[in-house]
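A.B. asks: Chains as they are written, first to last, in this note's numbering: chain A, 205 to 590; chain B, 205 to 590.
Yeah, the Cβ is synthetic: ideal placement off N, Cα and C, and Gly gets one too.
All figures in this text were calculated on a predicted structure; none of them were measured in a lab.
Protein chains: 2
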Amino acid sequence: MQNFVFHNPVRIIFGKDVVSQLGGEVFSEAKKVLLLYGQGSIKSNGIYDQVCMSLKEAGIEWIDFPGIKPNPSITHVRSAIALCRQNGLQAVIAVGGGSVIDAGKAICAGVCYDGDVWDGFAKKATWNEALPLYTVLTISATGSEMNGASVISNQELQTKASFYSSGIFPRASWIDPSFQSSLPVGQTIFGAMDMMAHVLELYFNGTDNTDIQDYFAEGLMKTILKHLDIVLEDPGNYEARAQLVWAGTLALNGLNGAGRGPGDFSSHRIGHAISACYDLTHGATLSIVMPAWMRYVYKHDIPKFARFGREVFGFKGSDEDTASKGIHAFQEWIRKLGLPLSLVDVGIRMEAIPLIARNPSIPYPLGKICSLTVEEVEGILRLSNY
Amino acid sequence: MQNFVFHNPVRIIFGKDVVSQLGGEVFSEAKKVLLLYGQGSIKSNGIYDQVCMSLKEAGIEWIDFPGIKPNPSITHVRSAIALCRQNGLQAVIAVGGGSVIDAGKAICAGVCYDGDVWDGFAKKATWNEALPLYTVLTISATGSEMNGASVISNQELQTKASFYSSGIFPRASWIDPSFQSSLPVGQTIFGAMDMMAHVLELYFNGTDNTDIQDYFAEGLMKTILKHLDIVLEDPGNYEARAQLVWAGTLALNGLNGAGRGPGDFSSHRIGHAISACYDLTHGATLSIVMPAWMRYVYKHDIPKFARFGREVFGFKGSDEDTASKGIHAFQEWIRKLGLPLSLVDVGIRMEAIPLIARNPSIPYPLGKICSLTVEEVEGILRLSNY
Chain A
205 MQNFVFHNPV RIIFGKDVVS QLGGEVFSEA KKVLLLYGQG SIKSNGIYDQ
255 VCMSLKEAGI EWIDFPGIKP NPSITHVRSA IALCRQNGLQ AVIAVGGGSV
305 IDAGKAICAG VCYDGDVWDG FAKKATWNEA LPLYTVLTIS ATGSEMNGAS
355 VISNQELQTK ASFYSSGIFP RASWIDPSFQ SSLPVGQTIF GAMDMMAHVL
405 ELYFNGTDNT DIQDYFAEGL MKTILKHLDI VLEDPGNYEA RAQLVWAGTL
455 ALNGLNGAGR GPGDFSSHRI GHAISACYDL THGATLSIVM PAWMRYVYKH
505 DIPKFARFGR EVFGFKGSDE DTASKGIHAF QEWIRKLGLP LSLVDVGIRM
555 EAIPLIARNP SIPYPLGKIC SLTVEEVEGI LRLSNY
Chain B
205 MQNFVFHNPV RIIFGKDVVS QLGGEVFSEA KKVLLLYGQG SIKSNGIYDQ
255 VCMSLKEAGI EWIDFPGIKP NPSITHVRSA IALCRQNGLQ AVIAVGGGSV
305 IDAGKAICAG VCYDGDVWDG FAKKATWNEA LPLYTVLTIS ATGSEMNGAS
355 VISNQELQTK ASFYSSGIFP RASWIDPSFQ SSLPVGQTIF GAMDMMAHVL
405 ELYFNGTDNT DIQDYFAEGL MKTILKHLDI VLEDPGNYEA RAQLVWAGTL
455 ALNGLNGAGR GPGDFSSHRI GHAISACYDL THGATLSIVM PAWMRYVYKH
505 DIPKFARFGR EVFGFKGSDE DTASKGIHAF QEWIRKLGLP LSLVDVGIRM
555 EAIPLIARNP SIPYPLGKIC SLTVEEVEGI LRLSNY
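1. Check whether the region 482-501 of chain B and the region 446-458 of chain B are in contact - that is, three or more C-beta pairs closer than 8 Å.
2. Please classify B:P276 as buried or exposed, where buried requires at least 16 neighbouring CB atoms within 10 angstroms.
3. Would you list, in chain order, the members of the region 455-479 of chain B that have their beta-carbon closer than 9 Å to a beta-carbon of chain A?
4. DSSP puts B:S277 in a beta bridge; with which residues?
5. Should B:H504 be flagged as near chain A, meaning a C-beta pair shorter than 7 Å?
6. Over what stretch of residues does the alpha helix (DSSP H) that includes B:P213 continue unbroken?
7. What are the residues in the region 206-225 of chain B lying within 9 Å of chain A by C-beta distance?
8. So A:Q447 contacts chain B; which residues on that side make the cut at Cβ distance below 8 Å?
9. Measure how close the beta-carbons of B:A480 and B:S565 come, nearest whole angstrom, since I'm counting them as under 8 Å.
10. Nearest by alpha-carbon distance to A:N589: which of A:D549, A:A365, A:L559 and A:N563 is it?
11. Spell out whether any CB of chain B is found under 7 Å from the CB atom of A:A451.
12. Taking the alpha carbon of A:I246 as the point to measure from, which residue in A:L226, A:P270, A:S258 and A:S232 has its own alpha carbon closest?
13. Give me the Cβ distance between B:R539 and B:T526, rounded to the nearest whole Å; I'm assuming they're in contact under 8 Å.
14. Does any residue of chain A have a CB that is nearer than 7 Å to the CB of B:F383?
15. Chain B partners of A:Y317, CB-CB under 9 Å?
16. Which of the three DSSP states, helix, strand or coil, is assigned to B:Y241?
17. Can you say whether B:V449 is buried or exposed, counting buried as having 16 or more other CB atoms within 10 angstroms of its CB?
18. So A:G465 and A:N409 are in contact, right, with Cβ under 8 Å, and what is the actual spacing, rounded?
19. What does the Cβ neighbour count give for A:R289, buried or exposed, with the cut at 16 atoms within 10 Å?
20. Closer than 7 Å, Cβ to Cβ, to anything on chain B: give me those residues from the region 369-395 of chain A, in chain order.
21. Could you have a look at B:K529 and say whether DSSP puts it in helix, strand or coil?
22. If we call anything under 7 Å between Cβ atoms a contact, is B:M400 one with B:I428?
23. When the distance is taken between beta carbons, is B:S528 closer than 7 Å to B:L497?
24. Give the straight-line distance between the Cα atoms of A:F367 and B:A262, rounded to the nearest whole angstrom.
25. If you follow the beta strand (DSSP E) that A:E437 is in, where does it begin and where does it stop?
26. Could you give the residue range of the beta strand (DSSP E) that holds B:I267?
27. List the DSSP bridge partners of A:K247.
28. Do B:I297 and B:L239 have their C-beta atoms closer together than 7 Å?
29. Per DSSP, B:K236 forms a beta bridge with which residues?
30. Suppose the cutoff is 6 Å on Cβ atoms and the five residues either side in sequence are ignored; what does the same chain contact list for B:T363 look like?
31. Would you report the Cα separation of B:G530 and B:K235, rounded to the nearest angstrom?
32. In its own chain, which residues sit with a C-beta less than 8 Å from the C-beta of A:S258, not counting the 5 before and 5 after it?
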């Protein structure tokens, strides 16, 4: 096991009807806040009303900032920072999925930073200070509700970059799984794909002596596979939804990685490059890249890929055989869910591959399980089509 | 899944040679501290010197308070509180296992409380404020290094009582698994017994829809079983020790319980009663009580006991059959480790059973998987002898 520091102070308030407590908890730190959200679905499904009622009851004033989109843009973040400053807002309440929460983190840090907020993502600044951030989770996928990471897109520079700091942990996150029962099926599926990818990026990173982390990761994957099936059959099944939702939070809250060293994250980086060039949903980029990446790299750690096949999918046999069967089962799971498995599936032509592989979202040399070159990333992207 | 709040802000610094960083981190909060430890083993194995060197380098003054014993006593806690007050000490550094850390928590809370510190354990006071506590873990067992619980014995009242508050979480805990390679074999074994008991108290608590928590718990148990074996063969095996040590911390840091509701903790309570009457080591009370408790209560949740037999020990067959085999395998594991399995094994006579069952350490009705009466607890204690 590698040396590690684990510290995750985010307070999670999980369960049915928990959002009514939000205003009371926020009040101790802020009386005037920014209410950040996406494209309005929270208004039609009643979540917006619940949040506003709780704020009102606690005597908290707020200014709305709607319109945060998937792959949230630095332009929106800059506007929100200006609004917070002009109005002396003391905290941000982000109501949404990973995009809204990631934008919330950038806004909270940006308000306390004198320069341009992109500096943090361009690795020109480090943030240890930020406005308090509170989140209300409405789509489980990125795990952003319980970590210190933020991923923001810069359309001008055609890139997508991430920032991590313990200074931008949310103070608290309210997670009511019943909020997600009315989600479009596609969003539940893309979310589950993202969760699986987070677990796998840490699981396949080339380190040894990580039994406890591996059992934990396999438990998360088995939970996702089993309870996604139930939720797709019966979207209102609270118990299965709660399992899926909590798995999403635990997949990327630091625990799964503690003792492993950094995750591989090749698939995420290549996926970010696709999103930066084509504005494709994060989950779709992962379903395209990840199986191809597995087929390309598995020879570098056959015993671990065999463990994956055995523990997650229940295959028996030789390591080489079980490794291949596990990768195939993962690919078939993606196919069964109707997610894209190749660039062709989403209308991206083979000719675009060199451009994607050279997008600045990918830092070379790439990956942990093995070190990938530009040409190898091109190879992985080509492999997705076969 | 039940509604829950999960919040664990303890900073864990885990790995080889991490203790050298201690002084630097403590310095930001305290310049004059109490150095709390047990019966001197930390002086012979070099840990004391490492801690002192780090404090000295950071310019931190300290006063030694040695002599904390297993089942730490309220008398020692009171003396240490007086010492902290007389000398204006600003923090406590607890170097040891669960007893020293539990005493540290009581001291930190007691210094900030006007009344007698036992009030917290007698449920007459609630503590939200405490001196900062830092811990250096030298024996893995109780998980106290990453939770807000403290268990203290009161010899005058012949009782052992616990207190839980988020106000007494350690600020940070340094966990260097290599510190434990020179532990007496018995302490490693008792520690592993305690870890298993923590996982099981939460696992068998009669709640449903806890797949993700169950996978996590089963992973912890498989880790403990596997890596304890390796460590007993080869006490200096760092990698196996690290697995065992991290399992001990995760077994009772709140995560395993989140969403399950309270654990059963019947075995712990009955064990506390034995300790209160006979000053027996905590791990030994658990090895006596837990298998007997399982045999007594398993009919109340056969599917869960069957899952235990299947997932942890790999048995196949009907639920009733797998449940019985799992309990038997657990009992045989204890026997193989040389731990006591009955009151007779530790020289406690059957005539003592009514007294133990009526010790104030046991709150009636007892337990979650089913509700036990005094007579039933007597039955469990008698069963341990068969």
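C.D. replies: Once the coordinates are examined:
1. no
2. buried
3. L459, A462 and G463
4. B:S357
5. no
6. Segment F208 to F218 is the beta strand (DSSP E) holding B:P213; no alpha helix (DSSP H) there.
7. Q206, N207, F208, V209, F210, H211, N212, P213, V214, R215, I216, I217, F218, G219, K220, D221 and V222
8. M205, N413, D415 and I416
9. 5 Å
10. A:D549
11. yes
12. A:P270
13. Not quite, the Cβ-Cβ distance comes to about 20 Å (not below 8 Å), so this is no contact.
14. no
15. Residues of chain B passing the Cβ test: none, with the nearest at roughly 23 Å.
16. strand
17. buried
18. 7 Å
19. exposed
20. none
21. helix
22. yes
23. Reading off the sequence shown, one finds Trp at residue 497 of chain B, where the question assumed Leu. No, the pair does not count as a contact, with Cβ atoms beyond the cut-off.
24. 31 Å
25. Note, A:E437: premise wrong, no beta strand (DSSP E); alpha helix (DSSP H) at D415 to E437.
26. E265 to F269
27. For A:K247, which the question treats as bridged, DSSP gives no partner whatsoever.
28. yes
29. B:E265
30. A480, P564 and S565
31. 52 Å
32. V223, S224, Q225, L226, G227 and G228
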